[in-house]
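All remarks here apply to the structure that follows.
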Amino acid sequence: GIFMTESEILKLVELAQKARLYSYSPYSGFAVGAALLAESGKIYTGANCENASFGATICAERAALASAISAGERCFTAIAVAAGDKPVTPCGICRQTLAEFGDMAVICATAEGNEYKLFFLSSLLPEAFTSYK
Ligand code: THU
């Protein structure tokens with residue numbers, strides 16, 4: 017069967033676009049929002065949070081993930097990311113961080129509008145390192 021309908025995908029994109037409005041990005045000027053759908057059906061959002069010490073920046077995807085994990089979630093269906101005029105894919109650190117919790121759909125969307133690209137995390141980060149045990 018279909019795992020997410022087009023309208024469910026676009027709803028998640030819309031929530032990522034709304035979350036993007038809370039971005040704190042005075043250094044890059046690049047605002048990013050994310051919306052993470054847990055298997056519980058709940059959705060957790062995040063925005064990028066920059067810092068004067070640039071390396072301390074937290075991406076929107078990891079902000080959403082930390083929020084979900086902090087609410088007790090461990091299993092996820094999809095994450096939508098919204099930024100820019102062309103869809104952006106999550107950075108390497110975010111791919112690794114998300115892969116800790118298994119595969120999921122990654123919906124890469126623009127800051128406004130309904131354009132998106134659909135990937136699976138396992139295709140964006142093949143052969144991921146997940147455990148040494
Ligand atoms: N950024 C994200 O939040 N997610 C991405 O997928 C790409 C990069 C942020 C980090 C930084 O605040 C800004 O975008 C520019 O790199």
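Just so you know, we're using my numbering here: the sequence shown kicks off at 17 and counts up by one. The beta carbon of each residue, even a glycine, is placed where N, CA and C say it ideally should be. Model, not experiment: these values are computed from the prediction.
Practice task
Say yes only if the C-beta of S41 is nearer than 8 angstroms to one or more non-hydrogen atoms of ligand 1, and no if none qualify.
Solution key: yes
Problem - Enclosing beta strand (DSSP E) for L52 [first to last residue] - result: Per DSSP, L52 is one residue of the beta strand (DSSP E) stretching across G49 to A54.
Exercise for the section: Compare the Cα-Cα distances from Y60 to each of C107, K27 and M20 and report the closest residue. Expected result: K27
Practice task
Compute the beta-carbon to beta-carbon distance between C64 and V48, rounded to the nearest angstrom, for a pair I have assumed lies under 8 angstroms.
Solution key: Contrary to the premise, residue 64 reads as Asn rather than Cys in this sequence. That pair is a contact at about 4 angstroms.
Practice task
Within its chain, find whatever has a CB closer than 7 angstroms to the CB of A115; leave out the 5 residues flanking it on each side and keep chain order.
Solution key: L137, L141, A144 and T146
Exercise for the section: Run through the stretch 43-99 for me and flag every whole alpha helix (DSSP H) of 4 or more residues, listed as ranges in chain order. Expected result: 76-86
Exercise for the section: Identify every run of the alpha helix (DSSP H) within the stretch 91-140, keeping only runs that are complete inside it and at least 4 residues long; order them along the chain. Expected result: DSSP runs (the alpha helix (DSSP H)) wholly in the stretch 91-140: 108-115 and 137-140.
Problem - A87 classed as buried or exposed, judged by whether at least 16 other C-beta atoms fall within 10 angstroms - result: Classification of A87: exposed, given that the 10 Å Cβ count is below 16.
Problem - Nearest-angstrom Cα separation, counted from S56 out to E89 - result: 8 angstroms
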